[in-house]
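Below: the structure, in structure tokens.
Below, the structure written as structure tokens:
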């Protein structure tokens, strides 16, 4: 499609404005993390690294960070297992309810977080509490896994559609059993998709706050919840900025790596022997 010079200039302007709306606030948070003042006032009063040192020494923030890492790793592990198995079932077999199952797997990421949170809270109260199991890290992991499964499922099923079944058939014709074929042919072909899905799932879980609020209970505090809780405390404002920058970085890196892995452009036979 050929566009006039004015139309191209207008599209570039809208692109710049769109990126500015997304990234300028993040840049302000980064700058404020070095602000010598104790408030979010602009422009900054001066430059200091003191808040970074205090943030690292803050026991509450460090405990919340460890809780977030545990929840993200647990949710990622569950998502890898269930998302991969579901992708293989939907792609490799024909059965009644195949399409509704595919929709049911993808639907949680499209639902508002508050709806998912309320539904999970109600489900946990009616099923787990009668068994003596209260809200805690386990319920957070289950809650996060409901939407983390989606990214693993989408990555794996997209890669399976690119992998030729003839490679697996040739492997079996040469005497390999099912597990040998999976190990030497199927797994190498989907390995980068699994890693990309795991990285995206980790990033989604790590910065989740809405579902966590409804599933964590009183004794569990993740890093996003710690930020939200301390945001209104004047003395904590500079430290909150530092922790927010850390969350941004720890969320961006997995997404960037996943994007690189997903767009590697490798052919389906690139990792086979």
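Numbering (UniProt numbering), first residue to last: 1 to 273. All residues carry an ideal CB built from backbone N, CA and C; glycine is no exception.
My guess is that residue i and residue j are in contact by the Cβ rule of under 8 Å, so how many angstroms apart are they, rounded?
i           : j           : result
residue 105 : residue 153 : 5 Å
residue 254 : residue 200 : 7 Å
residue 150 : residue 112 : At roughly 15 Å, the Cβ-Cβ gap does not stay under 8 Å, so residue 150 and residue 112 are not in contact.
residue 223 : residue 36  : That pair is no contact at about 24 Å.
residue 194 : residue 80  : 7 Å
residue 209 : residue 156 : Wrong, their Cβ atoms sit about 27 Å apart, outside the cutoff.
Name the residue from the options whose alpha carbon lies nearest to the alpha carbon of residue i.
i           : options            : result
residue 236 : 51, 15, 14         : 51
residue 158 : 91, 63, 14, 67     : 91
residue 146 : 135, 83, 166, 178  : 83
residue 122 : 164, 252, 143, 169 : 143
residue 226 : 6, 60, 5           : 60
residue 30  : 245, 250, 251, 252 : 245
residue 168 : 184, 18, 231       : 184
Could you tell me the boundaries of the alpha helix (DSSP H) in which residue i lies?
i           : result
residue 48  : Careful: residue 48 lies outside any alpha helix (DSSP H) and carries neither H nor E.
residue 144 : 137 to 162
residue 124 : 113 to 127
residue 133 : Residue 133 -> no alpha helix (DSSP H), and no H or E assigned at all.
residue 220 : Element bounds for residue 220: n/a, residue is neither H nor E.
residue 174 : Taken as a continuous stretch (DSSP letters only), residue 174 belongs to no alpha helix (DSSP H), as it is neither H nor E.
residue 204 : 187 to 206
residue 33  : Premise fails: residue 33 is in no alpha helix (DSSP H) and is neither H nor E.
residue 97  : No alpha helix (DSSP H) holds residue 97; DSSP gives it neither H nor E.
residue 68  : 59 to 92
Does the Cβ-Cβ distance between residue i and residue j come in under 8 Å?
i           : j           : result
residue 215 : residue 96  : no
residue 72  : residue 242 : no
residue 205 : residue 261 : no
residue 141 : residue 197 : no
residue 186 : residue 137 : no
Measure the alpha-carbon distance for residue i versus residue j and round it to whole angstroms.
i           : j           : result
residue 94  : residue 85  : 14 Å
residue 171 : residue 162 : 17 Å
residue 43  : residue 32  : 9 Å
residue 181 : residue 257 : 28 Å
residue 265 : residue 76  : With a pLDDT of 46 at residue 265, under the threshold of 50, the modelled position of that residue is not reliable, and the figure given next carries that caveat. The straight-line gap from Cα to Cα measures roughly 25 Å.
residue 218 : residue 134 : 10 Å
residue 14  : residue 248 : 24 Å
residue 47  : residue 62  : 24 Å
residue 118 : residue 233 : 28 Å
residue 240 : residue 21  : 21 Å
residue 28  : residue 213 : 26 Å
residue 166 : residue 173 : 10 Å
residue 131 : residue 87  : 32 Å
residue 18  : residue 12  : 10 Å
residue 259 : residue 252 : 10 Å
Could you tell me if the beta carbon of residue i falls within a distance shorter than 7 Å of some heavy atom in the ligand ADP?
i           : result
residue 142 : By its list of ligands, the structure shown contains no ligand whatsoever, and the ligand ADP lies outside what it can speak to.
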